[in-house]
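Q:
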Amino acid sequence: MGPITRTTILGIMLVGFFCFPNLLSKEMGKENWQDRQQDRQQDRQQNRQQDRYFDGYIAAILERELRWAKDSYAIKTTKGFATVTLFEDDPERREAANKKLQFIDGLKKFVIVIKPEDNRKPGFLYRLLGLTGEGEALPLGDLFLPFIADPKQAQFFASLNRFQSSDSLYSMAAIGFGETIGLYRFFGSHEGNGLQFSLQAALFAQFNLDTPSSDLINADYIVGFPITYKRDGNSFRLRIYHQSSHLGDEYLLTVNPSTRINLSYETLELMYSYDWSKLRIYAGGEKIFHRLPDDLKKHSYHWGIEYRGNKERILSGRMISAVDMKGLEENNWHIDTSAKAGFEFGHPGPGQRCLRLTGEWYSGYDPHGQFYNNKVEYYGIGLALSF
725 MGPITRTTIL GIMLVGFFCF PNLLSKEMGK ENWQDRQQDR QQDRQQNRQQ
775 DRYFDGYIAA ILERELRWAK DSYAIKTTKG FATVTLFEDD PERREAANKK
825 LQFIDGLKKF VIVIKPEDNR KPGFLYRLLG LTGEGEALPL GDLFLPFIAD
875 PKQAQFFASL NRFQSSDSLY SMAAIGFGET IGLYRFFGSH EGNGLQFSLQ
925 AALFAQFNLD TPSSDLINAD YIVGFPITYK RDGNSFRLRI YHQSSHLGDE
975 YLLTVNPSTR INLSYETLEL MYSYDWSKLR IYAGGEKIFH RLPDDLKKHS
1025 YHWGIEYRGN KERILSGRMI SAVDMKGLEE NNWHIDTSAK AGFEFGHPGP
1075 GQRCLRLTGE WYSGYDPHGQ FYNNKVEYYG IGLALSF
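Numbering (this note's numbering), first residue to last: 725 to 1111.
#1: Out of T935, G804, R772 and L1003, point me to the one whose CA is closest to T1154's CA.
#2: Taking the alpha helix (DSSP H) that F1111 falls in, what are its first and last residues?
#3: So, L806 versus L831, is the Cβ gap smaller than 8 Å?
#4: At what residues does the beta strand (DSSP E) containing E1036 begin and finish?
#5: Compute the Euclidean distance between the alpha carbons of Y1031 and L1081, then round it to the nearest angstrom.
#6: Bridge partners of N711, per DSSP?
#7: What do you get for V837, buried or exposed, if any count of 16 or more other CB atoms within 10 angstroms of its CB means buried?
#8: From A793, K824 and F921, pick the residue whose C-alpha is nearest to that of L810; which is it?
#9: Tell me the residue span of the alpha helix (DSSP H) that contains L976.
#10: Could you pull out every residue in the same chain whose Cβ sits closer than 7 Å to the Cβ of E787, ignoring the five residues on either side in sequence?
#11: What distance in whole Å lies between the Cβ atoms of V1100 and F887, which are believed to be in contact at a cut-off of 8 Å?
#12: Going residue by residue through the stretch 785 to 852, where are the continuous alpha helix (DSSP H) segments of at least 4 residues, counting only ones entirely within it?
#13: If I follow the unbroken beta strand (DSSP E) through G1088, where does it start and stop?
#14: With a CB to CB cut of under 6 Å and the five nearest residues on each side skipped, what residues in its chain are close to R955?
#15: Please report the distance separating the alpha-carbon of T983 from that of G857.
#16: Sorted by chain position, which residues of the same chain lie with C-beta nearer than 8 Å to G804's C-beta, five sequence neighbours on each side aside?
#17: Rounded to whole angstroms, what is the Cα-Cα separation between K1064 and V835?
#18: Tell me whether D1048 is buried or exposed, calling it buried when 16 or more other Cβ atoms sit within 10 Å of its Cβ.
#19: Measure the beta-carbon distance from I899 to A882 and round it to whole angstroms, keeping in mind my assumption that it falls under 8 Å.
#20: Can you check DSSP and say which residues form a bridge with A882?
#21: Starting from the C-beta of A861, find all residues in its chain whose C-beta is less than 6 Å away, skip the five residues before and the five after it, and write them out in chain order.
#22: Taking the beta carbon of G1106 as the centre, do at least 16 other beta carbons fall within 10 Å, making it buried, or is it exposed?
#23: When DSSP builds the beta bridges, which residues end up paired with Q924?
#24: Check this for me: beta carbons of W1000 and G957, under 8 Å apart or not?
#25: Can the beta-carbon of A929 be found closer than 8 Å to that of I946?
#26: At a cut-off of 7 Å, is L919 close to the ligand GTP when judged by its beta-carbon and the heavy atoms of the ligand?
#27: Between the C-alpha atoms of P815 and R791, what's the straight-line distance to the nearest angstrom?
#28: Spatial neighbours of L987 within its chain, please: C-beta separation below 6 Å, excluding the five flanking residues on both sides.
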């Protein structure tokens, strides 16, 4: 079986595995899915409006009819369940409120709880960062959106490319497994803002499809600890991470393999991002503080721009495009460019499952493993899945 046939078969398998089940199910259930989404949005909106109505109605009874002081209680209604918090216990007030409020038409349940008012204000650092002091463990998603075009973004993906370097030309398959898992998030004073601590891990591997056994060329392993912060349109990511790279066994058995380099390093990264409507720009850099080999230069910069559409197009997909650029001191600050454009399917929010189908192009020094001094160019198609 020739290389072209093998490449074609493997490409169909990769694309079919990731794409066809999702696209087929989305096409077959497109109208039902859209109807369900609209129904859910309408239900949520009606629930919020009804809850606000109950909050105002109950407050009016407590303050106008029962003469409760406004600062002596708090009220919260969620999906028709109302909770009144009294900051100081008073059996007579509780009894009078129960008689007045327990039979409100449409209210599912009403309870009164006693909890002394917390007069403590958030500390100086919390106020400076716009945090409330409250939070949750294992939150969904991240406050810093993943990069669309970064070839080293921790995510699940598969791609087929035509790869060219100074001494080779072949079909390459690249796969990745990775995710950012939120450990704890401090809530911001506005919805979507906050400070989050996370764990990140990823594997990136490349295969030469023009060899008889589709040789594994290289595998990079990354584990890191990002701290992300978001305040309105501004977001930051401070990340410390480790990378180690390993050549594939089959590649090492080829006639003229590259001399093996034990590439391993720890680095500190700081990135800033600004979101404006459908556009996003970001910039930052890294500094390696421990490395093998010892002569590996320490600094790099990183910037890019992204577009995320919000109108549904083909199969309810939204248009996306991005350009990502990096420069390494090791390569005299040469600009390495990665570009992707295509469609995103699923929910656009952080922590929601979505699928991205993109065409991709890369030109610059090889971003993978010990080949960081080799100039390469590749283009192809890729699929990425976010959870």
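Built from N, CA and C at the ideal position, the CB exists for glycine as well.
A: On the basis of the data shown:
#1: Outside the modelled stretch of the chain, which goes from 725 to 1111, sits residue 1154, for which no answer is possible.
#2: Taken as a continuous stretch (DSSP letters only), F1111 belongs to no alpha helix (DSSP H), as it is neither H nor E.
#3: For the sequence presented, residue 806 should be read as Ala rather than Leu. It is a contact, given that the beta carbons lie within the stated cut-off.
#4: Start and end: H1023 to E1036.
#5: So the two alpha carbons sit approximately 15 Å from each other.
#6: Outside the displayed span of the chain (725 to 1111) sits residue 711, for which this structure offers no information.
#7: Flag for V837 reads exposed.
#8: Ranking A793, K824 and F921 by Cα distance to L810 puts A793 first.
#9: DSSP places L976 in the uninterrupted alpha helix (DSSP H) bounded by D973 to L976.
#10: Cβ neighbours of E787 beyond the five flanking positions: K794.
#11: At roughly 7 Å, the Cβ-Cβ gap stays under 8 Å, so F887 and V1100 are in contact.
#12: Complete alpha helix (DSSP H) runs here, min 4: 815 to 825.
#13: It spans C1078 to Y1089 - the beta strand (DSSP E) in which G1088 sits, taken as one unbroken run.
#14: These residues qualify, in order along the chain: G854 and N917.
#15: Whole-angstrom Cα-Cα distance: 53 Å.
#16: Shown here for G804: same chain residues with a beta carbon closer than 8 Å to its own, the five before and five after excluded, namely N771, Q774, D775, F778, G830, L831, K832 and K833 in chain order.
#17: Using only the alpha carbons, I get a separation of about 54 Å.
#18: Of the residues assessed, D1048 falls on the buried side of the cut-off, its CB having 16 or more other CB atoms within 10 angstroms.
#19: Indeed, because the Cβ distance is near 5 Å, the residues count as touching under 8 Å.
#20: Beta-bridge pairing links A882 to I899 and L1107.
#21: Leaving aside the five residues that flank A861 on each side, the residues in its chain whose CB is nearer than 6 Å to its CB run, in chain order, Y908.
#22: Taking every protein chain shown into account, the CB of G1106 has 16 or more other CB atoms within 10 angstroms, so this residue is buried.
#23: Per the DSSP secondary-structure output, Q924 pairs in a beta bridge with T904 and G948.
#24: Between W1000 and G957, the C-beta spacing is below 8 Å.
#25: Not a contact, by the Cβ cut-off of 8 Å.
#26: Although the ligand GTP was asked about, the structure shown includes no ligands whatsoever.
#27: Between P815 and R791, the C-alpha separation is close to 15 Å.
#28: Same-chain partners within the cutoff: S969 and Q1094.
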